[in-house]
Structures are given as structure tokens and as C-alpha cells.
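The sequence shown begins at 896 in the working numbering and counts up one residue at a time.
Just so it is clear, CB atoms sit at the ideal spot from N, CA and C, and this is done for glycine as well.
So the structure is just underneath, and the comments pick up after that.
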Amino acid sequence: GLRLGGQLFPVMTQDYIGAINTYSVLPFIAWLGPTPAAVRLPSILGGGLTLLLAYALTARLTGQRRAGLAAALLLAVDPTFVFWTRQGIFVTAITAPLGLAAALCWLRRGQGGGPGWSVAGAFCLGVGLYAKLLFIWLIAAMAGALILVNLGQGRKVWGDLKRKKPKVNFGLPVNWPSKREIGFSMLAFLLGCWPLLFYNLQTGGTWRSIIENAGTSFYGVDNAALGANLLARIGQFGSLLTGSHLWYLGQIYANPLPGLALAVILLGVGGVMIRRAAPLDRLSQATLFPFVVIALVIVASIQTVSALWVTHFALLLPWPAIALATGGGFLGQLSTRSIFRWGMGLGLALLLLTNLTTTVRYHLSLTESGGLSTHSDAIYDLSDWLAAQTTAETPVVAMDWGLAAPIFYLTGGQVAPVEVFGYVWQPDDNLTGRLARFVDQPATLYLWRAPDEIIFDRSDEFKALYRPLALEETIEAAFYERSGRPILGITRLVTCGTPGIQSPEPAPHCP
């Protein structure tokens, strides 16, 4: 971290995740206090910015404001976009507007804008890389897409570059950047990701994480299984389009139309370009660009330092809407038949209506369920209980991941659980020592997930420590999903045979 005025300010939250989200919510916490709204508001504002950037980028790509409006509307009713935007600190979400901003800046430069656009675009790329390391997928995808859509003009571009004459980018002449512009752009990129560089100069954590997880990731993904990983990612992208991955809201609703529309438009665009059998013009390049970006991000994502999670595609979330709008606008411009254009308009309306319906149904489901599993609102009940039943002197121990941070936040720092489990799959050698100092304190409260929800299971080691001391656990409180399913619990250690206790399981060691 960075030490200023005697205070250490962390620059990363994990080896591959920057602290942008953490610092961005601080003004809102100062304004609204430690409330759910304080962490959701910055994310919602980021979602609004994403809509504006999707509109601007699509309008610039196509030269049609109505295409930009279509992209923004499609994104605004997308259930995945809505719920990933409103749920609070979702560390990958910030990469979406940063990616769009970078693409827009570089597009403006390619369409005749000044060198400042290159510098701004490079800075956005640097910030995105700092925000989360997987942003490199999008950097590589946008660079690769730019090359691929210009392949037909490769000879002309290469000749122009050698003569330092105007080159072609999306079909429009621009001046080849000067050494000064390139230098400032590189500096801007480094400025954007300086916390990441600073962190690795201090610890080497990111590089170590990459090296250690290159073969098999922390969550067990075989990075050499390219085919299987690619199929998994394609399936996840399909669920992203349908919205069927949002099971934790209470129900699963799938809308197949966005995926079908994307496939139909891609086939239509591809068919037109194949029939032409000529180098791509500006509009054709702009139309293909978002499709190629999507494909290349999916391919790049098959290797990971963590897991193959659909949430990684928050990075990619605006691009299907942009692809639908650019592709639809392209086909609409080619047709002189009003019936075809009416059909395109009706198709857009149908997409908007069905996705809006899916989003509303998910909202209703969430209102009824309160969220499932780790998304359950039972965490509010647990936090309220601890705030009411403990004092500053009460030791509170988190026996699993994902409990300490929300409790500390929701209680305004009144309750600060100590995490003792260790962030490794198998118990480390120091676990017993960390637990022992709390076992000796009878007032200690232990926070657990339900047995079928446990992530880092340390129950056996805990029992092996307290049972020889003639102690047993008693359930102090239990917390449930709205369906009645137990999800969280609090236990305390008492002497064997203590009357009136509620043991979570039989205690054969007690006489």
C-alpha cells in the first residue's frame, strides 16, 4: 500500500483486483452512512455512465443516433445488466464503462480527432487493467478486432505506414501518430495502472498469482483444457444473453430471443459481406467490430487465475447490445423495402419488451425470496442481532469467508469479526493457534454458514480443539432464507452438560 501521513492506504484488494470500487464508495458512505444504498449508488451511477457510453460508441461506429439509442435501450432492460449494476460493489462491473470509454476515445482519434483522444484512451486502458487484471482480455480483443476488420486493406495500410502517409482506420483517413503522441499515450497508460505497478514493485503479488495459477487455478480450473474451457465459456455467454444465470434471485427466467437475434443478425451481416466479395468499407468494418470483440474476449477468457465464472463477463456486458444495434442498423440501411425496416423495428420492440418482462419477473422473485445462498438478506438479520447482543469486548470469530466484511460494514464498525479460517483450501499449520486464543474465552461467538453452504470448512479442526477440554457448542442464533431454509448461524462454547443448550449436533465426548 501507499503510506501517507502515517496512514497506510491499500492499492489492491486482491493480487489481481484494484481498490477502485473501495475508494469510490467512501464519499457516499460519508454522505449516507454505512448503508446498502451507499455502496449501490456508485454502481448505479456507473451503470448510467455505461448506458451513455454505449449510446455514444454505437452512434459513432454507425453514424446513426437511432442505432446508439437502440443499443442503450437494449442494455437498459437487460436483466443481467440491471442486477449486476444494482447489487453494489461488483468488482468487475467498473471494467465495462472503462472499456467503452477507451474504445470511444480511440475511435474518435481514428475518425480525425486530435492526439488528446489517444492519450485519454490509453489512460482508460490503464485504469481498466488496474481495476481488474482480466481487463487485459478486452485490451487484446479490441486490438485484435481492429487488426482483423482491417485485414482487407492490409497492403494499403502497410504501404502508407512505410511512407508515413495517411492510413485507414474504419475507412477514414487519419494522420499517423507522432512519436510525441505515442510517448504521451504510453505515459497515460502507465499513469492509469500505476497502483498495479507500485503494488508489484512492493510485493510481486500479481506476477506470483499468475505464475502459481498458470497450470491449475486456485479454484481448480485446468488452464490446459482449452477445448473444455472454451465450451464452458460459450455456454456462459449464452446464459448471459438469456439471463438464466440469475438463479440466486429466487427463480430462473430465460429469454432466448436476444441470443437468437444476435445469431440471426450475425448471419445476415456475414451473408451480405460474403456476397460482396470486396474489401470491407467503413460501415462494414464498424458493424463487424463488436462481434469480433465479443468472440475474442470469449477466447481469451478460457484461461484464468481464479475460476470460469459467468460474472467475469460483466466486462463484456455492453457489447452484445452494441453488436445488435450496429448489425441491425447495417442491414436496415441496405434495404430499400419499408416492410424490412418495419420488421427490424418490431424485432427491436419485441426484444425490449421480452427482456423488460424478464427483468420485472426477476424483481418480483427477489422481493419474495430476499435472495438465495450467499445473496440472502439473512446477513442483515445476523448483523442486527450482533449489533444488539454484543459489546465492544465480545470476541466474534468468522469461521468462513464472506461474513466478516458485510457484518463490519452493516454494523458501522461496531462488530469486527476476526477471520481465523485462512484463505487456503486445506487448514494451515497456524489454524490451531489462531483458534486457541478464542476457545479460552467463553464469551466468544462463532459465525458459521449452514453445512451445505460452507466454503472453507474448519469444523473438524475446531471440534478437535475444544472437545478434549470438555466443551460443546450451543446455537445462540440461527438465520434463514425467507423460504425457511437455514443459511447462517452463531454458536458459543459451553461446558459439557450445561442445561438448556441447543447443540448443533450430538456431543458423544460429553459424559
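Item	Value
Through-space distance from Asp1176 to Gly1066, alpha-carbon basis	Its pLDDT being 43, under 50, Gly1066 is placed unreliably in this model, and the value from its coordinates should be taken loosely. If you take the alpha carbons of Gly1066 and Asp1176, they lie about 6 angstroms apart.
Cross-strand partners of Thr847 (DSSP beta bridge)	Not covered by the structure: residue 847. The range shown for the chain is 896 to 1406.
Residue environment, Lys1074, which counts as buried when at least 16 other CB atoms sit within 10 Å	exposed
Residues near Leu948 by beta carbon distance below 8 angstroms, same chain, minus five either side	Pro992, Leu995, Ala996, Leu999 and Pro1213
Validate contact between the region 1326-1337 and the region 950-958 using beta carbons, cut 8 angstroms, 3 pairs	no
DSSP three-state assignment for Met907, whether helix, strand or coil	strand
Between the CA atoms of Gly1087 and Val1255 - distance to the nearest angstrom	38 angstroms
Residues bridged to Gln902 (per DSSP)	Leu899
Assigned secondary structure, Thr980 (DSSP; H/G/I helix, E/B strand, else coil)	helix
DSSP beta-bridge partners of Val1389	Glu1367
Residues of its chain near Tyr1304, where Cβ-Cβ distance is below 6 angstroms and the 5 sequence neighbours each way are ignored	Pro929
Beta carbon of Ile1160 nearer than 8 angstroms to that of Leu1229	no
Buried or exposed by the 16-neighbour rule on C-beta atoms within 10 Å, applied to Met1037	buried
Straight-line Cα distance separating Leu1092 from Gly896	11 angstroms
First through last residue of the alpha helix (DSSP H) which encompasses Ala1035	Phe1030 to Val1044
Integer Cβ distance of Leu1183 from Leu1033, believed to fall under 8 angstroms	Leu1183 to Leu1033, Cβ: 17 angstroms. No contact.
Beta-carbon proximity check, Pro1312 vs Ala1283, cutoff 8 angstroms	no
Reduced DSSP category for Ile1396 - H, G, I as helix; E, B as strand; rest coil	coil
Glu1367 vs Val1334 beta-carbon contact at 8 angstroms	no
Under the three-state DSSP convention, the category Ile912 falls into	strand
Alpha-carbon to alpha-carbon, Ile1077 and Leu1096	25 angstroms
Contiguous beta strand (DSSP E) assignments of at least 3 residues, all confined to the region 981-1025	none
Residues bridged to Val1292 (per DSSP)	Val1313 and Tyr1341
Exposure of Trp1138, with buried meaning 16 or more beta-carbon neighbours within 10 Å	In the sequence on display, residue 1138 carries Gly and not Trp. Classification of Gly1138: buried, given that the 10 Å Cβ count is 16 or more.
Cβ-Cβ distance between Arg1377 and Gly1265 below 8 angstroms	yes
Exposure of Ala1012, with buried meaning 16 or more beta-carbon neighbours within 10 Å	First, the amino acid is wrong: residue 1012 is Trp here, not Ala. Buried.
Residue-level contact to chain C via CB, Val1187, 8 angstroms cutoff	The structure shown contains no chain C; it holds only a single protein chain.
Identified DSSP bridge partners for Lys1027	Ile912
Own chain residues within Cβ distance below 7 angstroms of Trp946, not counting five before or after	The amino acid occupying residue 946 in the given sequence is Leu; Trp does not appear at that position. The residues are Ala967, Leu970 and Ala971.
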